[in-house]
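Engineer: Questions regarding the structure given below will be posed in turn.
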Amino acid sequence: MLLFATLLKAQDLKPLPPVPTKYQQQWQEMEFYIFVHFGPNTFTDKEWGAGNEPEDAFNPTQMDCKQWVRIAKAAGAKGIIITAKHHDGFCLWPSKYSNHTVKQSKWRNGKGDVLKDLSRACKEAGLKFGVYISPWDRNHPAYGTPAYNDVYINTMKEIFSKYGPIWELWWDGANGEGPNGKKMVYDFHRFEETIRKISPATVIFSDIGPDIRWIGNEKGIAGETNWNLLDTAGFKRGNGAPETDTLNSGNVNGKNWIPGEADVSIRPGWFYHKEEDQKVKTPEQLFDLYLKSVGRGTNLLLNVPPDRRGLMTSYDSAALMGFKKLREDNFKYNLIKNESVQIVDNKNQRITFHLSDENSSTFDSLPSSNHSSVYIKCKEKKKINCVVLQEPIAMGQRISEFKVLLLNDKDEPIREISGTTIGRKRILTFDQTEISGMSIRIDQSKDLPLLSEIAAYNILLSPVTK
Ligand code: FUL
Numbered sequence: 011m012l013l014f015a016t017l018l019k020a021q022d023l024k025p026l027p028p029v030p031t032k033y034q035q036q037w038q039e040m041e042f043y044i045f046v047h048f049g050p051n052t053f054t055d056k057e058w059g060a061g062n063e064p065e066d067a068f069n070p071t072q073m074d075c076k077q078w079v080r081i082a083k084a085a086g087a088k089g090i091i092i093t094a095k096h097h098d099g100f101c102l103w104p105s106k107y108s109n110h111t112v113k114q115s116k117w118r119n120g121k122g123d124v125l126k127d128l129s130r131a132c133k134e135a136g137l138k139f140g141v142y143i144s145p146w147d148r149n150h151p152a153y154g155t156p157a158y159n160d161v162y163i164n165t166m167k168e169i170f171s172k173y174g175p176i177w178e179l180w181w182d183g184a185n186g187e188g189p190n191g192k193k194m195v196y197d198f199h200r201f202e203e204t205i206r207k208i209s210p211a212t213v214i215f216s217d218i219g220p221d222i223r224w225i226g227n228e229k230g231i232a233g234e235t236n237w238n239l240l241d242t243a244g245f246k247r248g249n250g251a252p253e254t255d256t257l258n259s260g261n262v263n264g265k266n267w268i269p270g271e272a273d274v275s276i277r278p279g280w281f282y283h284k285e286e287d288q289k290v291k292t293p294e295q296l297f298d299l300y301l302k303s304v305g306r307g308t309n310l311l312l313n314v315p316p317d318r319r320g321l322m323t324s325y326d327s328a329a330l331m332g333f334k335k336l337r338e339d340n341f342k343y344n345l346i347k348n349e350s351v352q353i354v355d356n357k358n359q360r361i362t363f364h365l366s367d368e369n370s371s372t373f374d375s376l377p378s379s380n381h382s383s384v385y386i387k388c389k390e391k392k393k394i395n396c397v398v399l400q401e402p403i404a405m406g407q408r409i410s411e412f413k414v415l416l417l418n419d420k421d422e423p424i425r426e427i428s429g430t431t432i433g434r435k436r437i438l439t440f441d442q443t444e445i446s447g448m449s450i451r452i453d454q455s456k457d458l459p460l461l462s463e464i465a466a467y468n469i470l471l472s473p474v475t476k
């Protein structure tokens, strides 16, 4: 009966706009996936190619996209996004719209096609496939003229029709043309319309969306306050984008639902450089980034660049496996899964089953927008150092201030952790504390506060995470 009453209440609630589209919601469940920077730069030891590198520079000796996919999958990543074309303009597929592609290289006698191999391997393994197609092109002769907009559109259409479905499209904002460089006026409006028409399920990333925004740094770190909302009116991609601080935390009253994606490389550079083999991030550093990206409500896009053989190295794959193990081990036991959870305001309290059912699509509402709480009583004392909270984002992001109060056996607070936003997921870490219960108090919310999950863990806190 109680359960029924709670369900009815949840159904009566109205979403607080803006809310995510179906595709944005599905995207937000993916949490972690792999970025692949690969191309002539891999062979010339550069980060930004000039566009005049001979096509033969690209010549991987043991190219194997299945190996990338095996590693990505074993690491628990849900997809791969590849630099189909970086700023040097080189196309990793035999494009009809460029003379600077794998077809003009001696790799596999001009018959190779990285996008074909990778899209197939992803499909076979059940990973999503995404592409980075750099608008800035230092090779294409039409770049800097209106004709390039047509070239770019044809290029996108070609990729989508030959290698689709494309789950995420990445529009990079970089442009290093300098004062005497070519000035290109991109027709992003038409680019976007084209994709919406040919592939409505694709989510499009750029500094300002339309579907996913840049998190404002290339360190993989989202703001501790992170709204999935952004105002884009008057802003442009690249130089005209909002301040990086704004991208990092979103706008509290932003008009559009544009969640952040935190991109970072496992190495110092985006492309492979042999001298960085010893500088691969450790599993602990990667786990720390997970806490600061996924744990602040964004997705984590982790770049793992293949080497000149066309393979991911053992340094990178070892770090990825360690990272996977840390996530698995640390989040294996929700220590409050079987405890009683109650929603409390001044006068009333009721039991809820939704918040600890490990199903983030069920949720419950708290009775008021300020100072109502969720109270959890533990049957026995337990040591915890991590609390995970989730809001049901399909209903809009609401909570802007909360406190987690860790309680002793007399229900007195022994530690208080304050936070602002929760969003899709908020992971809080603190020094290990022995508790008999805890209380999540919502101090401010834009509308009735809703929560979908609460969990507590005792994770391995290495020095980086403290
Ligand atoms: C930047 C680019 O200029 C870098 O080369 C890299 O691709 C990174 C992900 O985005 O804007």
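Heads up: the sequence shown begins at 11 in this note's numbering, then just goes up one per residue.
Glycine residues also receive a C-beta, built at the ideal position from the N, C-alpha and C atoms.
Can you list the residues near the ligand FUL, meaning Cβ strictly closer than 5 Å to any non-hydrogen atom, in the order they appear in the chain?
Structural biologist: Residues flagged by the Cβ proximity filter: Asp182, Ala184 and Trp280.
Engineer: Among Met166, Trp224 and Asp287, which one has its Cα closest to the Cα of Glu202?
Structural biologist: Met166
Engineer: Mapping the DSSP letters down to three states, classify Val314 as helix, strand or coil.
Structural biologist: coil
Engineer: For Met448, does the three-state DSSP call read helix, strand or coil?
Structural biologist: Strand, per DSSP.
Engineer: For the beta strand (DSSP E) that contains Asp273, what are its first and last residues?
Structural biologist: Residue range Gly270 to Ser275 is occupied by the beta strand (DSSP E) that includes Asp273.
Engineer: Under 8 Å by Cβ, that's how I've got Cys396 and Ile437 pegged, so tell me the actual separation to the nearest angstrom.
Structural biologist: 7 Å
Engineer: Would you tell me roughly how many angstroms separate the C-alpha atoms of Leu470 and Phe333, rounded to the nearest one?
Structural biologist: 12 Å
Engineer: Give the DSSP-derived three-state secondary structure of Val213 in the structure shown.
Structural biologist: The answer is strand: DSSP assigns Val213 an E or B state.
Engineer: Applying the criterion that 16 or more other CB atoms from any shown protein chain within 10 Å of the CB defines a buried residue, is Asn119 buried or exposed?
Structural biologist: exposed
Engineer: So, are the CB atoms of Ile432 and Glu463 less than 7 Å apart?
Structural biologist: no
Engineer: Give a yes or no on whether the C-beta atoms belonging to Leu345 and Ile394 are separated by under 7 Å.
Structural biologist: yes
Engineer: Kindly give me the distance between the Cβ atoms of Leu399 and Ser449, rounded to whole angstroms, as I take these residues to be in contact under 8 Å.
Structural biologist: The pair is not a contact, with the Cβ atoms about 12 Å apart (cut-off 8 Å).
Engineer: Is it right to say Gly305 is buried, meaning 16 or more other beta carbons lie within 10 angstroms of its own, or is it exposed?
Structural biologist: buried
Engineer: Can the beta-carbon of Pro269 be found closer than 7 Å to that of Gln38?
Structural biologist: yes
Engineer: How about Phe45 and Asn313: do their beta carbons lie closer than 7 Å?
Structural biologist: Yes, these two residues count as a Cβ contact at 7 Å.
Engineer: In this structure, does DSSP put Ser428 in helix, strand or coil?
Structural biologist: strand
Engineer: Alpha carbon to alpha carbon, what distance is there between Thr212 and Trp103?
Structural biologist: 20 Å
Engineer: Taking just the CA atoms, how far does Val354 sit from Ile366?
Structural biologist: Here residue 366 is Ser; the residue named in the question, Ile, does not match the sequence. Cα to Cα, Ser366 sits roughly 16 Å from Val354.
Engineer: Does Asn380 get closer than 7 Å to chain D when you measure Cβ to Cβ?
Structural biologist: Absence of chain D from the displayed structure is noted, only one protein chain being present.
Engineer: So, for Phe215: in the same chain, excluding its five sequence neighbours on each side, which residues have a beta-carbon less than 8 Å away from its beta-carbon?
Structural biologist: By the criterion of a C-beta distance shorter than 8 Å, Phe215 is surrounded in its chain by Glu178, Leu179, Trp180, Trp181, Asp221, Ile222, Arg223, Trp224 and Glu271, once the five residues flanking it on both sides are discounted.
Engineer: Check for me: the alpha helix (DSSP H) holding Glu338 runs from which residue to which?
Structural biologist: Ser324 to Asn340
Engineer: Can you give me the Cβ contacts of Tyr107 inside the same chain, cut-off strictly under 6 Å, excluding the 5 residues immediately before and after it?
Structural biologist: Val161, Asn164 and Thr165
Engineer: Roughly how many angstroms separate the alpha carbons of Leu376 and Tyr43, rounded to a whole number?
Structural biologist: Leu376 and Tyr43 have their C-alpha atoms roughly 34 Å apart.
Engineer: Looking only at its chain, what residues have a beta carbon closer than 6 Å to the beta carbon of Ile208, apart from the 5 residues adjacent to it on each side?
Structural biologist: Phe170
Engineer: What's the call for Thr16, buried or exposed, on a 16-neighbour Cβ count within 10 Å?
Structural biologist: The predicted model places Thr16 with a pLDDT of 46, which falls under 50 and marks its position as unreliable; any figure quoted below should be read in that light. Buried: at least 16 other Cβ atoms inside 10 Å.
Engineer: Could you check the C-alpha separation between Gly183 and Glu253 for me, to the nearest Å?
Structural biologist: Cα to Cα, Gly183 sits roughly 13 Å from Glu253.
Engineer: Quick one: what's Arg436 bridged to in DSSP?
Structural biologist: Leu399
Engineer: Assuming Gln36 and Ala404 make a contact with CB atoms under 8 Å, what is their CB distance in whole Å?
Structural biologist: Contact flag wrong, Cβ pair sits at about 11 Å.
Engineer: Mapping DSSP to helix, strand and coil, what is Ser105?
Structural biologist: Annotated three-state conformation of Ser105 is coil, per DSSP.
Engineer: Going by CA-CA distance only, name the one from Ala251, Thr52 and Lys456 that's closest to Leu321.
Structural biologist: Thr52
Engineer: On a CA-only basis, which of Asp339, Thr323 and Pro25 is nearest His283? Give me that one, please.
Structural biologist: Thr323
Engineer: Which of helix, strand or coil does DSSP assign to Thr235?
Structural biologist: For Thr235, the secondary structure class from DSSP, reduced to helix, strand or coil, is coil.
Engineer: Could you tell me which of His96, Thr54, Gly99 and His47 sits nearest to Trp78, measuring between CA atoms?
Structural biologist: His47
Engineer: Kindly identify the DSSP beta-bridge partner or partners of Asn266.
Structural biologist: Leu240
Engineer: Check each candidate in His199, Met73 and Gly154 and name the one with the smallest Cα separation from Asn190.
Structural biologist: Gly154
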